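Chain order of the listed sequences is A and B.
Just so we're aligned, residue 43 is where the first sequence starts under our numbering, counting upward by one.
Just so we're aligned, residue 13 is where the second sequence starts under our numbering, counting upward by one.
We put the CB at the ideal spot given by N, CA and C, even for glycine.
From a predicted model like this one, the values you see are computed outputs, not experimental measurements.
This report concerns only the one structure given below.
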Amino acid sequence: MTNMRMTEQDLQDRETKIASRGVDVFYGATHAIKDVDIDILNNTVTAFIGPSGCGKSTFLRCLNRMNDTIDSCRVTGQILLDGDDIYHSSVDPVTLRARVGMVFQKPNPFPKSIFDNIAYGPRIHGLVNNKAELDEVVEKSLRRAAIWNEVKDRLDQPGTGLSGGQQQRLCIARAIATAPEVLLMDEPCSALDPIATAQIEELIDELRQDFAVVIVTHSMQQAARVSQKTAFFHLGVIAEHGDTNQIFTNPVDKRTQDYITGRFG
Amino acid sequence: MGPHIVSSFDDDLIAVQARISEMGGIAEEMLSGALEAVKNRDAQMAQEVIARDKRLDAIEMEVENLATRVIALRQPMAGDLRLLISALKMASTLERVGDLSKNIARRAVYLANARPVRLSSSIVRMGNQTLGQLTEVLDAFTSRDTALAVSVWKRDVEVDEMYNSIFREVVTYMMEDPRTIGLGSQLLFVAKNLERIGDHSTHLAETIYYIVEGTPLGDDRPKGEPLGLEGY
């Protein structure tokens, strides 16, 4: 590893941001996630990989209670954010989602101006006191999402008018505008071309300085490039979890080997 | 390991391994031929060995091209990645074994035309040991036998010790009778080349271990006196 990348030594000092303990998820009678224990470390990119239907997105969506919106979905076990159970009755899911932001597979800007896309979160969560502060948050978020230079002269134009890669960076800017502590990304580059993908990956590496990042990806190369920790999901369980370097060069579990090398399981 | 979902990926990996095995076979034959040429003072055999080296170089290029293409097109992971990276190293190592065998063959031509020496027997013994280790390490690659690879790795010290003893022996002859200096120098180079081939077998053993286990073999290998100079 070069000095640009975190070494395994560094990882040992990271605190646990999210701890999952014995988490099960059911969709009606379907048992989608089975007894998942995992620690998501702060200032670390954790990649979830695995075949379609293995539960990685379902589990990701548990981390900010996005599954609450699905009636048939039931989550048991504990998910602790800084030690507090996020499924406790006193937790407001909207506030939780400001702390644990999310970026989706398909860019989904609001049908509003570029400015309002970013300003929406800080406004509803009361994070700013006046227009000047709001302007500052918008600019800062757009800069951090590496899209400021491309949109600064047309902040009043609709976000939906941007290219796919720009829209995705706009959504990342929107997600980080509420100053979250964790950023969840569900296949953020699957609809993007290689250049936009590279920009997002560069961004993920920078975001890691401030947040815990969890990324679900079908691109093994992407998982290997951007993450320091990798969890391999298989049929609703974590088959293997460890340092990315080890998972991709010398996986222990046969299911992981078969999957990452493209073999029949 | 089961087959890949993309079957042409399997074909590529099989092709790479087949080339490595072919290179191993040629390197083995070259070494064995060079040793025969030294032992039997057979200049004709030596010329045949020298001629074979071109083929070895050509296959090394093929392995490089093939492995590079597979890495670029398939982005191999885990065991597949280890195999391809290791194949590149093994091809280059086997090419070096071929070069050293060719060099022994060249010296065999000289020795065939010179006055016979009785010393040849210890060189032949060292040659057989070196050849045996090369054969075993190539078997270890074919059968993915790490125990065999580790055993070759550990026994390199024996070749080193033989080298040291030949070194002392030859230097003694040369001191006793300066007319043997030309011949003795050639023999020293033969022994040195064998010692180098032994080192390459050790390196092959380490590579095979990495392919199978995914971790390096470490470096606490038994080692002999590096220069064979004690007493001089």
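In this structure, how does DSSP classify residue i when only helix, strand and coil are distinguished?
i: residue 128(B); result: coil
i: residue 188(A); result: coil
i: residue 233(B); result: coil
i: residue 223(A); result: coil
i: residue 116(A); result: strand
i: residue 375(A); result: Look at the range of chain A in this structure, 43 to 307, and you will see that residue 375(A) is not part of it.
i: residue 90(B); result: helix
i: residue 15(B); result: coil
i: residue 200(A); result: strand
i: residue 56(A); result: coil
i: residue 285(A); result: strand
i: residue 128(A); result: coil
i: residue 304(A); result: coil
i: residue 207(A); result: helix
i: residue 8(B); result: No answer is possible for residue 8(B): the residues shown for chain B start at 13 and end at 244.
i: residue 146(A); result: coil
i: residue 62(A); result: strand
i: residue 86(A); result: coil
i: residue 253(A); result: coil
i: residue 123(A); result: strand
Run through chain A and tell me which residues come within less than 9 Å of residue i, C-beta to C-beta.
i: residue 210(B); result: None at all; the shortest Cβ gap to chain A is about 29 Å.
i: residue 228(B); result: Correct list: empty, because the minimum Cβ distance to chain A is about 11 Å.
i: residue 16(B); result: 303, 304, 305 and 306
i: residue 13(B); result: 296, 299, 300, 303 and 305
Is residue i near the ligand ATP - that is, is its Cβ less than 7 Å away from at least one heavy atom of it?
i: residue 71(B); result: No copy of the ligand ATP occurs in the structure displayed, which carries no ligand at all.
Using alpha carbons as the reference points, say which of the options lies closest to residue i.
i: residue 214(B); options: 228(B), 201(B) and 202(B); result: 228(B)
i: residue 115(B); options: 23(B), 13(B), 64(B) and 169(B); result: 64(B)
i: residue 225(A); options: 88(A), 64(A), 274(A) and 61(A); result: 88(A)
i: residue 96(A); options: 193(A), 258(A), 285(A) and 70(A); result: 258(A)
i: residue 33(B); options: 201(B), 55(B), 186(B) and 72(B); result: 72(B)
i: residue 68(A); options: 146(A), 76(A) and 62(A); result: 76(A)
i: residue 181(A); options: 282(A), 200(A) and 161(A); result: 161(A)
i: residue 149(A); options: 203(A), 221(A), 253(A) and 293(A); result: 203(A)
i: residue 178(A); options: 221(A), 146(A), 295(A) and 138(A); result: 221(A)
Could you check whether the Cβ of residue i sits closer than 8 Å to any Cβ belonging to chain B?
i: residue 290(A); result: yes
i: residue 308(A); result: No information on residue 308(A) is available, as it lies outside the stretch 43 to 307 that chain A covers here.
i: residue 280(A); result: no
i: residue 303(A); result: yes
i: residue 299(A); result: yes
i: residue 108(A); result: no
i: residue 264(A); result: no
i: residue 243(A); result: no
i: residue 287(A); result: no
i: residue 157(A); result: no
i: residue 306(A); result: yes
i: residue 44(A); result: Unreliable placement is indicated for residue 44(A), whose pLDDT of 42 sits below 50; the coordinate value is still reported in the next sentence. No - not a single Cβ of chain B is within 8 Å of the one on residue 44(A).
Counting only Cβ pairs nearer than 9 Å, list the residues of chain B close to residue i.
i: residue 257(A); result: In chain order: nothing, as chain B lies at least about 18 Å away.
Under 8 Å between beta-carbons, which chain B residues line up against residue i? List them in chain order, please.
i: residue 207(A); result: By Cβ distance, chain B contributes nothing, its closest Cβ being about 22 Å from residue 207(A), past 8 Å.
What does residue i reach in chain A if we use C-beta pairs closer than 8 Å?
i: residue 42(B); result: The premise fails here: residue 42(B) is roughly 34 Å from chain A at the closest Cβ pair, so nothing lies under 8 Å.
i: residue 102(B); result: The premise fails here: residue 102(B) is roughly 18 Å from chain A at the closest Cβ pair, so nothing lies under 8 Å.
i: residue 21(B); result: 304
What does residue i touch in chain C if you count any residue whose Cβ is under 7 Å from its own?
i: residue 92(B); result: Absence of chain C from the displayed structure is noted, the protein chains being A and B.
Less than 8 Å between CB atoms is the rule here; does residue i satisfy it with respect to chain A?
i: residue 243(B); result: Any reading at residue 243(B) needs caution, since the residue's pLDDT is 48, under 50, leaving its predicted position unreliable; the model's value is listed next. Output row for residue 243(B): interface = no.
i: residue 29(B); result: no
i: residue 88(B); result: yes
Task: Any alpha helix (DSSP H) of 4 or more consecutive residues that is wholly inside the segment 19 to 68 of chain B - done: 19 to 52
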